[in-house]
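Peer 1: Every letter in the sequence shown is one number past the one before it in full-length UniProt numbering, and letter 45, counting from 1, is 45.
Virtual Cβ for every residue (Gly too), placed ideally from N, Cα, C.
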Amino acid sequence: MTASGVKVTDECLTTFQNLKLGKKLKYIIFNLNKDLTEIVVEKSSEESDYEKFIQELPTDGCRWAVYDFSFEKEGEGRRNKLYFISWAPDNAKVKSKMVFASSRDALRRKLDGIALEIQGTDLDEVSYETVLAKAMLGR
1 MTASGVKVTD ECLTTFQNLK LGKKLKYIIF NLNKDLTEIV VEKSSEESDY
51 EKFIQELPTD GCRWAVYDFS FEKEGEGRRN KLYFISWAPD NAKVKSKMVF
101 ASSRDALRRK LDGIALEIQG TDLDEVSYET VLAKAMLGR
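1. Going straight from the alpha carbon of proline 89 to that of asparagine 31, what length do you get?
2. Grab the span of the beta strand (DSSP E) containing lysine 20 for me, first residue to last.
3. Could you tell me which residues DSSP pairs with valine 99 in its beta bridges?
4. What is the DSSP secondary structure of lysine 110, counted as helix, strand or coil?
5. So lysine 26 packs on glutamate 46, CB below 8 angstroms; how close in whole Å?
6. Can you give me the Cβ contacts of glutamate 117 inside the same chain, cut-off strictly under 8 angstroms, excluding the 5 residues immediately before and after it?
7. In chain order, what residues of the same chain have a beta carbon less than 6 angstroms from the beta carbon of threonine 15, not counting five sequence neighbours either side?
8. Does glutamate 74 come out as helix, strand or coil in the three-state DSSP assignment?
9. If you measure between the beta carbons of isoleucine 39 and valine 66, is that distance less than 8 angstroms?
10. Touch check for the region 128-139 and the region 93-112: three-plus C-beta pairs under 8 angstroms?
11. Which word fits phenylalanine 53, buried or exposed, when buried means at least 16 other C-beta atoms lie within 10 angstroms of its C-beta?
12. What number of angstroms, rounded off, separates the C-alpha of cysteine 62 from the C-alpha of alanine 101?
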């Protein structure tokens with residue numbers, strides 16, 4: 001349970017383990033339930049197109065996501081890294097941003113094996129190019 005009183009559901013953890021170990025899922029999008037009491041899985045997908053994933057993030061609502069990012073690193077070959085994204089667009093309601101911000105750590109702490117965290121308020125901050133640049137730097 002978080003400082004905000006929000007709990008992470010078992011489905012979140014099971015789906016994350018399936019992404020991490022099963023290597024079939026490419027991403028998971030997490031949301032709060034209607035009552036703002038639990039973090040739930042909103043969507044998981046095997047779709048590997050990063051742009052399609054980004055299109056799933058609402059322009060007016062907060063979300064968290066984990067993406068299995070695959071990239072080529074010169075001299076090291078193909079790499080995969082799990083990225084945690086905190087999505088809080090400028091158009092989201094202030095209350096939503098506050099609840100998401102205060103609940104984020106509870107979810108993040110339960111997801112072991114995350115290589116990088118990204119906070120996005122607009123699409124440029126979570127674009128493929130931005131994430132790739134961070135991946136190449138190893139942070």
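Peer 2: Here's the rundown:
1. Taking the first residue of the sequence shown as position 1, residue 89 is located at position 89. Taking the first residue of the sequence shown as position 1, residue 31 is located at position 31. Each residue's alpha carbon lies about 14 angstroms from the other.
2. As a first step, residue 20 must be located in the sequence shown, where it is residue number 20. Neither: lysine 20 is in no beta strand (DSSP E) and is coded neither H nor E.
3. For the purposes of this step, residue 99 is identified with residue 99 of the sequence shown, where counting begins at 1. Beta-bridge pairing links valine 99 to no other residue.
4. Taking the sequence shown and counting its residues from 1, the one referred to as residue 110 is at position 110. Here DSSP, grouped into helix, strand and coil, assigns lysine 110 to helix.
5. What you label residue 26 is simply residue 26 of the sequence shown in a count that begins at 1. What you label residue 46 is simply residue 46 of the sequence shown in a count that begins at 1. Yes, they are in contact, since the Cβ atoms of lysine 26 and glutamate 46 sit about 6 angstroms apart, within 8 angstroms.
6. Counting from 1 along the sequence shown, the entry for residue 117 is found at position 117. Tyr83, Phe84, Ile85, Ser86, Arg108, listed in sequence order.
7. Position 15 of the sequence shown holds residue 15. Same-chain partners within the cutoff: Ile28, Val41, Ser44.
8. Within the sequence shown, numbered from 1, the residue matching residue 74 stands at position 74. Residue state, collapsed to three classes: coil.
9. For this step, residue 39 is matched to residue 39 along the sequence shown. For this step, residue 66 is matched to residue 66 along the sequence shown. Taking 8 angstroms as the Cβ cut-off, isoleucine 39 and valine 66 do not qualify as a contacting pair.
10. With a cut-off of 8 angstroms on Cβ pairs, the region 128-139 is not in contact with the region 93-112, counting fewer than three such pairs.
11. Here residue 53 refers to the residue found at position 53 when the sequence shown is read from its first residue. Classification for phenylalanine 53: buried.
12. The residue labelled residue 62 in the question sits at position 62 within the sequence shown. The residue labelled residue 101 in the question sits at position 101 within the sequence shown. Between cysteine 62 and alanine 101, the C-alpha separation is close to 9 angstroms.
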